[in-house]
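S.K.: Residue numbers (my numbering), protein chains in the order written: chain W, 1 to 492; chain V, 1 to 492.
Glycine included, each C-beta is placed from N, C-alpha and C at the ideal position.
Remember, predicted model here, so these are calculated numbers, not experimental data.
The structure under discussion is supplied below as structure tokens; questions concerning it will follow.
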């Protein structure tokens, strides 16, 4: 079969890379750091996108589309933001190719077609969007502006990995404008909750909501909130961020509004985004040494039916029943495929669907039919069991919800087990080098200490959890007084 | 109100430009030739995209995503394609900015961060996709490959117009791979039919299906099929194209497959695309001097309810009824909004919704309520009439279908009236300078004559209609013999 995976224990990183490619989610491309999202991976992204989009619309947002390019003069207007992204920008400098006079059939950049002003490919769209909002906002009646964009962005990363860190990636970015600080902060937290609900309820990945330290803030934000998830190797992954931008972009782009009393003030802003990186989180949170494990609610395929028969007559019998079951499942809105490909044997198909993480497999054999039963296999627990064909559709519908819940519970149990308090530097480092995971520890609140801890342990402060318990303690590194524990981890 | 439009008779081009902006569909951006698609315009695009996507999936296609960038060496591999797009390519040459030493707070392109190989921003994705397909196709079992991509592309146009011709635009591009020529040709025509069905049945714009002359072919295609629509100023607009690419890209990227007899051959290809340009076609086909006219099936908003009342008690009565009607319509899947904004008067709202082309407006007044009736207004005919509230939801559902049909019929009647046979050069030019539209005329079949006709009349051959009647005649320019009429028009 050539489908055997490196195991997690052998080489976690290699296991991940193989799984993405063999699981048919994505491929490397001819462009450095850019990936091809394959149909199976893109179908997963579509399900994630559609659900998120629904949640954005239910919370009053609308979609729009802004240019891919940001003129350099706009890009540099908000200085912190510009500084934060300057080192990873793809830059368009020319707008034409011409024939190479020295090389028939080849092309060169036409030096006469140099742009007067360079264009940055958006690494994020605050600049181009706030420059546009300037023309859309005059009065409090124009607020709030609750806009989201689904788009590709480019960040020229030096070390890339499929889904987790690619030069180009797909994402959504919400950009909202408000009349008051309170309303903007409320929006920032509301969208953090939307992200947490999506990741937990649909991706079955438990997350910690928190706020980043100033060191880890989005460039140009007043506060960055995040959701942090734990992967099976004990490393954390930032799964989404929601930024309170204060009036920074309004000031940089001179966006003012007149309030009810005709007083002019700068507009308050938020931005928030999740990306195809979430697919990396999904893979690393749930999958095992046999392959992907897809949470049913967003699985491209929820159920696969594999026929087992001999002879033409057998095939017809099994076909008829399979199609009947498939139609019944479809009526319940279940995504199901009848894998009746004659070129592959059942065993090969079983391994294939296991690798691709299809939550439920139905094996439909002739003897089973005679007994009015089928064999079901759960991908999450690998259990197999025989159930009656009577009411099979409702049984499977219920089973899919059970699987969804079980995957979540398992990930939550793993996180609980891998969240440890450390009260000294020795404890801190031995946990990180041992079972890893989140380490809850006191920190003196200074950027210097945060940086030193990072240098010495490779762990970063993932977040200060929301509604954190206050507790007097001493910083694990400096021994200086601290009022609360924060969450550390090594991270993707 | 400041909403008065230039009329079509005064200045058709100005009317169009104003309508796009005042109708809230799109705005110019700070980036030369790039537009911002506003929420109302994007909601329209979402409806179009979702319907097309459904039709692609029903015909067996799946979505995927390929990189935005094409390395120059891949871009130039298929020479005709490269030559066709070389003059309008945005080119990335650097991957980093740095602080400008002479200008505090400003950035410059870092000369040390020059790419070894320039990256072209995709103007179309044949090159990057066929380079990828090389790794995916070995045997006939891997075929057909039926993949579509929704993406942004960039073509550096010198003269741009919102939706019709922009440097960046959104589109879908299908790229399929087949084992035989026959199958590829069949796919090319099947997708042409999908486009025609979508544009006619959803956008209510009648189209002519045809094949382009060699002069007008897509760069790198063996045959380009198209659907051509007629705008209200008598100019044609190419609304979609489907290309039979032969083995050109397979040869350029060395993509071979082994057939059932283990014989190696190059793969056969098609590509097909429609873009946000369709929104331009929609606007110019249906709208009038009062604003947009949206076909109900893809209208972002199908019905708007405007309350008319005095006093708080009146408001409550009208509110209750409006919400009841709205809920009833939503149950039927109708996109409806209750416009209860207190800051605007009914007359202002009427003009606003007329401008935005909402198909049906319900005016709900207190006296109407007493009589158990409402006043409806159709956007397409501007008729107003009073109907009973009993069964109003089903009445409106039927009315929306009537409007859809009427808009189509009107556009079809216009096209019929503006399709004229010309049998001499004088007739040909006098039609073009008079009522314009499609001119059906004989042409001697040579590229030279085609080019001369274009030079002298500004009309191009839009297509040779499919299943064209064969008829002996003489070329309108040269008098040379011809066996069929082709469709000429001035075009967008």
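Determine the chain V residues that contact residue 156/W at a beta-carbon separation under 8 Å, and present them in chain order.
M.R.: What residue 156/W touches in chain V: 95, 96.
S.K.: What residues from chain W crowd round residue 301/V, counting only those whose CB sits closer than 9 Å?
M.R.: None at all; the shortest Cβ gap to chain W is about 12 Å.
S.K.: Whose C-alpha, out of 473/W, 406/W, 488/W, 42/W, is nearest the C-alpha of residue 482/W?
M.R.: Minimum Cα distance to residue 482/W is reached at 473/W.
S.K.: Kindly indicate if chain W contains any beta-carbon less than 7 Å away from that of residue 107/V.
M.R.: Output row for residue 107/V: interface = yes.
S.K.: Any residues in the region 65 to 87 of chain V with a beta carbon nearer than 9 Å to a beta carbon of chain W? Which ones, in chain order?
M.R.: Those residues of the region 65 to 87 of chain V that come within reach of chain W (Cβ to Cβ, closer than 9 Å) are 65, 66, 67, 68, 69, 70, 71, 72, 73, 74, 75, 76, 79, 82, 83, 85, 86, 87.
S.K.: Determine the chain V residues that contact residue 37/W at a beta-carbon separation under 7 Å, and present them in chain order.
M.R.: The answer, in chain order, is 64, 65.
S.K.: Tell me whether the beta-carbon of residue 298/V lies closer than 7 Å to the beta-carbon of residue 48/V.
M.R.: Cβ atoms of residue 298/V and residue 48/V: closer than 7 Å.
S.K.: Between residue 149/V and residue 66/V, how many whole angstroms is the CB-CB distance? I'm expecting something under 8 Å.
M.R.: Contact flag correct, Cβ pair sits at about 6 Å.
S.K.: Could you check whether the Cβ of residue 219/W sits closer than 7 Å to any Cβ belonging to chain V?
M.R.: Closer than 7 Å: no.
S.K.: State yes or no: is the beta carbon of residue 475/V nearer than 7 Å to at least one beta carbon in chain W?
M.R.: Judged by the 7 Å Cβ criterion, residue 475/V is not in contact with chain W.
S.K.: Roughly how many whole angstroms lie between the Cα atoms of residue 375/V and residue 365/V?
M.R.: The straight-line gap from Cα to Cα measures roughly 8 Å.
S.K.: Note down, in chain order, each residue of its chain lying with its Cβ closer than 7 Å to the Cβ of residue 2/V, except the 5 sequence neighbours on either side.
M.R.: Summary for residue 2/V: the model assigns pLDDT 49, below 50, so the residue's position carries little reliability; its value from the coordinates is reported in the next sentence. If we look at residue 2/V and ignore the five residues flanking it on each side, it has no Cβ neighbours.
S.K.: The alpha helix (DSSP H) spanning residue 68/W covers which residue range?
M.R.: No alpha helix (DSSP H) holds residue 68/W; DSSP gives it neither H nor E.
S.K.: Compare the C-beta of residue 139/V with all C-beta atoms of chain W and state if any pair is closer than 7 Å.
M.R.: No, because no Cβ of chain W sits closer than 7 Å to the Cβ of residue 139/V.
S.K.: Taking residue 7/W as the reference, give the member of 245/W, 26/W, 290/W with the closest Cα.
M.R.: That would be 290/W, whose Cα lies nearest to the Cα of residue 7/W.
S.K.: Excluding the 5 residues flanking residue 162/W on each side, which residues of the same chain have their C-beta closer than 6 Å to its C-beta?
M.R.: Excluding positions up to five away in sequence, the list reads 20, 26, 35.
S.K.: Helix, strand or coil for residue 255/W, going by three-state DSSP, please let me know.
M.R.: Looking at residue 255/W - three-state DSSP - the assignment turns out to be coil, as it is neither helix nor strand.
S.K.: Please determine if the region 107 to 115 of chain V and the region 57 to 66 of chain V are in contact, where contact requires at least 3 C-beta pairs separated by less than 8 Å.
M.R.: The region 107 to 115 of chain V vs the region 57 to 66 of chain V: no contact.
S.K.: Would you tell me roughly how many angstroms separate the C-alpha atoms of residue 87/V and residue 103/W, rounded to the nearest one?
M.R.: Spanning the two alpha carbons is a distance of roughly 18 Å.
S.K.: For residue 224/V, which residues from the same chain have a beta carbon less than 6 Å from its beta carbon, with the 5 sequence-adjacent residues on both sides left out?
M.R.: For residue 224/V, where only same-chain residues beyond five positions count, the Cβ hits under 6 Å are 212, 217, 218, 241, 243.
S.K.: In terms of alpha-carbon separation, which member of 435/V, 465/V, 479/V lies closest to residue 449/V?
M.R.: The shortest Cα separation from residue 449/V among 435/V, 465/V, 479/V belongs to 479/V.
S.K.: So is residue 497/V buried or exposed if we call it buried at 16+ other beta carbons inside 10 Å?
M.R.: No answer is possible for residue 497/V: the residues shown for chain V start at 1 and end at 492.
S.K.: Taking 7 Å as the CB-CB cut-off, is residue 131/W touching chain V?
M.R.: Judged by the 7 Å Cβ criterion, residue 131/W is in contact with chain V.
S.K.: Give the secondary structure of residue 383/W by DSSP, where H, G and I count as helix, E and B as strand, and everything else as coil.
M.R.: It is coil, neither helix nor strand.
S.K.: Looking only at its chain, what residues have a beta carbon closer than 6 Å to the beta carbon of residue 168/W, apart from the 5 residues adjacent to it on each side?
M.R.: If we look at residue 168/W and ignore the five residues flanking it on each side, its Cβ neighbours are 34, 152, 154.
S.K.: Any Cβ of chain W within less than 7 Å of the Cβ of residue 12/V?
M.R.: False, the Cβ-Cβ gap to chain W never drops below 7 Å.
S.K.: For the region 321 to 340 of chain V, which residues have a CB atom closer than 9 Å to at least one CB atom of chain W, in sequence order?
M.R.: Taking 9 Å as the Cβ-Cβ cut-off against chain W, none of the residues of the region 321 to 340 of chain V qualify.
S.K.: Would you identify the three-state DSSP class for residue 309/W, choosing helix, strand or coil?
M.R.: It is coil, neither helix nor strand.
S.K.: Since residue 258/V meets chain W, which of its residues come closer than 9 Å, beta carbon to beta carbon?
M.R.: Near residue 258/V there are no residues of chain W at all, since even the closest Cβ is about 14 Å away, more than 9 Å.
S.K.: Given a cut-off of 7 Å, decide if residue 428/W and residue 422/W are closer than it, judged by their beta-carbon atoms.
M.R.: It is a contact, given that the beta carbons lie within the stated cut-off.
S.K.: So that I know if they touch, is there some Cβ in chain W lying closer than 7 Å to that of residue 118/V?
M.R.: Yes, contact with chain W.
S.K.: First and last residue of the alpha helix (DSSP H) that includes residue 511/V?
M.R.: What is shown of chain V runs 1 to 492, which leaves residue 511/V out entirely.
S.K.: Is the beta carbon of residue 64/V less than 7 Å from the beta carbon of residue 75/V?
M.R.: It is not a contact, given that the beta carbons lie outside the stated cut-off.
S.K.: Provide the residue(s) that pair with residue 228/W in DSSP beta bridges, ordered along the chain.
M.R.: Answer is 208/W, 238/W.
S.K.: According to DSSP, is residue 95/V helix, strand or coil?
M.R.: Looking at residue 95/V - three-state DSSP - the assignment turns out to be coil, as it is neither helix nor strand.
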